[in-house]
Amino acid sequence: MFDWNAALWALLAMSLLGFAGWLLSLAKRDVSIVDSLWPLFFLLGAWVHVIAQTGMASPGPRALLLLGLVLIWALRLSVYLTWRNWGQPEDHRYQVIRARNEPGFSVKSLYLVFGLQVVLAWIIAAPLFAALGSTEPLGWLDALGAAAWLIGMFFETVGDAQLARFKSNPAERGRVLDTGLWRYTRHPNYFGEALLWWGFFLIAVAAGGWWSVFGPLLMTVLLLKVSGVALLEQDIAQRRPAYADYIRRTNAFVPWFPKERA
Numbered sequence: 065m066f067d068w069n070a071a072l073w074a075l076l077a078m079s080l081l082g083f084a085g086w087l088l089s090l091a092k093r094d095v096s097i098v099d100s101l102w103p104l105f106f107l108l109g110a111w112v113h114v115i116a117q118t119g120m121a122s123p124g125p126r127a128l129l130l131l132g133l134v135l136i137w138a139l140r141l142s143v144y145l146t147w148r149n150w151g152q153p154e155d156h157r158y159q160v161i162r163a164r165n166e167p168g169f170s171v172k173s174l175y176l177v178f179g180l181q182v183v184l185a186w187i188i189a190a191p192l193f194a195a196l197g198s199t200e201p202l203g204w205l206d207a208l209g210a211a212a213w214l215i216g217m218f219f220e221t222v223g224d225a226q227l228a229r230f231k232s233n234p235a236e237r238g239r240v241l242d243t244g245l246w247r248y249t250r251h252p253n254y255f256g257e258a259l260l261w262w263g264f265f266l267i268a269v270a271a272g273g274w275w276s277v278f279g280p281l282l283m284t285v286l287l288l289k290v291s292g293v294a295l296l297e298q299d300i301a302q303r304r305p306a307y308a309d310y311i312r313r314t315n316a317f318v319p320w321f322p323k324e325r326a
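Numbering-wise, the working numbering puts 248 at position 184 of the sequence shown, and it's gapless, one number per residue.
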């Protein structure tokens, strides 16, 4: 059963974290910090939800499973994004948003960037909120969800590591990464992110939270059509001709065997 009181406490905590991030972005004149905060919104929201719902009582086994999975995913992703962005100028995505919303972007970014991401994270976190209050024993759906999460984490973590290693090698400049997991999908990290959220959903279904399907659906749509695949590839074939052949022979999202080179 959905606990509105606990969910609203979670939203408040996530909003306060977003507000703190916004204040820091004013000092840095760089809103890219929101990328590092994105996974932490879910981690903080999940923990506050459990505390608000159970008080001092011990969480059930399903809640403990979810909290552990969210902790591993959120800390790994936040640390990676912080390391990736450290010492870099503001991400190009946010430079475009800044240019479109001047004058006054420093104030507008509170709701255009930080507020928007808090709300999106709260909505996507629906499977977590649906299952965190469950006290029933774990079952086969929980195992299936955990397996999906594990595979998703593998694709996201290994995909990120392979991309970071590729970018750090000067000899690869101007080339296309088409080895490792990137041989089977153009975005293994995004596929992994989507899959692990479907894993969270399966765990929620085990607790009766089938209605929370809009959470992983929204995450998948964002990754495919908004901030992920579509945004990164909107003009890359024109800027990097070799990428056009990579697009032709490699699935964009779901891993599959590639076609032969042209």
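Glycine included, every Cβ here is placed at the ideal spot set by N, Cα and C.
Collapsed DSSP secondary structure at residue i in the structure displayed
| i | result |
| --- | --- |
| Phe106 | helix |
| Arg313 | helix |
| Trp99 | Checking the sequence, you will find Asp at residue 99 rather than Trp. Helix at Asp99. |
| Gly244 | helix |
| Ala189 | coil |
| Arg119 | Checking the sequence, you will find Gly at residue 119 rather than Arg. Here Gly119 sits in coil by DSSP. |
| Arg237 | coil |
| Leu196 | coil |
| Pro322 | coil |
| Gly272 | coil |
| Gly124 | coil |
| Ala201 | The residue you asked about is not Ala; residue 201 is Pro in the sequence shown. Residue state, collapsed to three classes: coil. |
| Arg304 | coil |
Residue i, enclosing alpha helix (DSSP H) - first and last residue
| i | result |
| --- | --- |
| Leu228 | Note on residue identity: the sequence assigns Ala, not Leu, to residue 228. Here the alpha helix (DSSP H) through Ala228 covers 204-231. |
| Thr249 | Element bounds for Thr249: n/a, residue is neither H nor E. |
| Gly151 | Element bounds for Gly151: n/a, residue is neither H nor E. |
| Leu76 | 68-92 |
| Arg157 | 156-164 |
| Lys172 | 169-173 |
| Phe278 | 278-285 |
| Leu296 | 293-296 |
Straight-line Cα distance separating residue j from residue i
| i | j | result |
| --- | --- | --- |
| Phe230 | Phe66 | 44 Å |
| Gln152 | Thr146 | 10 Å |
| Trp262 | Val277 | 8 Å |
| Phe324 | Ala138 | The question names Phe, but residue 324 is Glu in the sequence shown. Distance between the alpha carbons of Glu324 and Ala138 is about 37 Å. |
| Ala225 | Pro305 | 24 Å |
| Gly39 | Phe255 | Residue 39 falls outside the range modelled here, since the chain spans only 65 to 326, and no answer is possible. |
| Gln159 | Trp68 | 36 Å |
| Glu220 | Arg140 | 10 Å |
| Arg247 | Ala294 | 19 Å |
| Gly244 | Gly124 | 39 Å |
| Met217 | Ile187 | 21 Å |
| Asn165 | Ala84 | 21 Å |
| Leu202 | His113 | 20 Å |
| His156 | Ala211 | 35 Å |
| Ile311 | Pro322 | 10 Å |
| Ala268 | Gln181 | 22 Å |
| Gly279 | Lys92 | 32 Å |
| Arg303 | Glu236 | 16 Å |
| Leu296 | Ile136 | 26 Å |
| Asn149 | Ile215 | 26 Å |
| Ala121 | Trp102 | 28 Å |
| Arg126 | Leu281 | 22 Å |
| Leu227 | Gly119 | 42 Å |
Cβ-Cβ separation, residue j to residue i (assumed contact under 8 Å), whole Å
| i | j | result |
| --- | --- | --- |
| Phe193 | Ala74 | 7 Å |
| Thr199 | Thr249 | Between Thr249 and Thr199 the Cβ distance is about 38 Å, and since that is not below 8 Å, they are no contact. |
| Leu104 | Ser142 | 5 Å |
| Ser89 | Ser173 | 7 Å |
| Ala195 | Ala271 | 4 Å |
| Gly82 | Gly238 | With a Cβ gap of about 37 Å, Gly82 and Gly238 do not count as contacting. |
| Val134 | Ala110 | 5 Å |
| Ala116 | Ala185 | With 8 Å as the limit, Ala116 and Ala185 do not qualify as a contact, their Cβ atoms being about 17 Å apart. |
| Pro319 | Pro252 | 7 Å |
| Leu129 | Asp206 | 7 Å |
| Ala258 | Leu287 | 5 Å |
| Leu107 | Ala77 | About 10 Å; that fails the 8 Å criterion. |
| Ala260 | Trp213 | Strictly speaking, residue 260 in this sequence is Leu, with Ala absent from that position. Between Trp213 and Leu260 the Cβ distance is about 5 Å, and since that is below 8 Å, they are a contact. |
| Val285 | Val177 | With 8 Å as the limit, Val285 and Val177 do not qualify as a contact, their Cβ atoms being about 19 Å apart. |
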